[in-house]
Amino acid sequence: MSLDKAIQESIAAIPECVAGGYVDLSTGMLLSVKTVDSHPAEVLEVVAAATADLFQGSNVSLIESMFKKARGVDNDGHHYFQEIIINSDNLIHVFMRSKANEEHVVCYVCRKSANLGMVLTKARSSLPSLEAAM
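Counting the sequence shown from 1 gives a position; this note's numbering is that position plus 43.
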């Protein structure tokens, strides 16, 4: 299955999901994006950069290094932050790091009226099909 098709199917399965995207943090590229509502092109253009900042910004990297040092864990490149959920005025934004490739992140945007537990459950269950499409 293609990545575009996998994203489209996951959007359909996640409650009140209006957009989904797949980001490669190592290249800074948005590899796939699908939306059901119209989103300004300017917003879509910065999704990959914003996602990279969330997961690998300098302060995030510093926090991860501090946690590793405090726990006596070697700095082996593994990242602690696997999921980030952001609630904005009208939307729920879910960012999940791929289990198969830590440099890949899937992003979903759902209406705020969606049940957060169901959004997370369905988003997590969609990850294997997205990873297989890569």
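Ideal placement from N, C-alpha and C gives every residue a C-beta, glycine not left out.
CB-CB length for Ser75 against Gly64, believed under 8 Å:
6 Å
Taking the straight line between their C-alpha atoms, what separation do you get for Ser104 and Phe98?
8 Å
Does DSSP put Phe16 in a helix, in a strand, or in coil?
Any property of residue 16 remains undetermined from this structure, which presents the chain solely from 44 to 177.
Do you know offhand how far Met139's Cα is from Val116's?
23 Å
Drop a sphere of 10 angstroms on the beta-carbon of Thr70, count the other beta-carbons inside from all chains shown, and report buried for 16 or more, exposed for fewer.
exposed
Please specify which runs of the beta strand (DSSP E), each continuous and at least 3 residues long, are wholly inside the region 105-157, giving them in chain order.
Uninterrupted beta strand (DSSP E) stretches at least 3 residues long and entirely within the region 105-157 occur at 126-130, 134-140 and 147-154, given in chain order.
Do Glu52 and Arg181 have their beta-carbon atoms positioned less than 8 Å apart in this structure?
With the chain covering only 44 through 177, there is no way to say anything about residue 181.
Could you check the C-alpha separation between Pro171 and Ser141 for me, to the nearest Å?
9 Å
Among Ile128, Met177, His147 and Val61, whose alpha-carbon lies nearest the alpha-carbon of Ala95?
Per the Cα distances, His147.
By Cβ distance below 8 Å, which residues in the same chain neighbour Ser108 in space, the five residues on each side in sequence not counted?
Asn118
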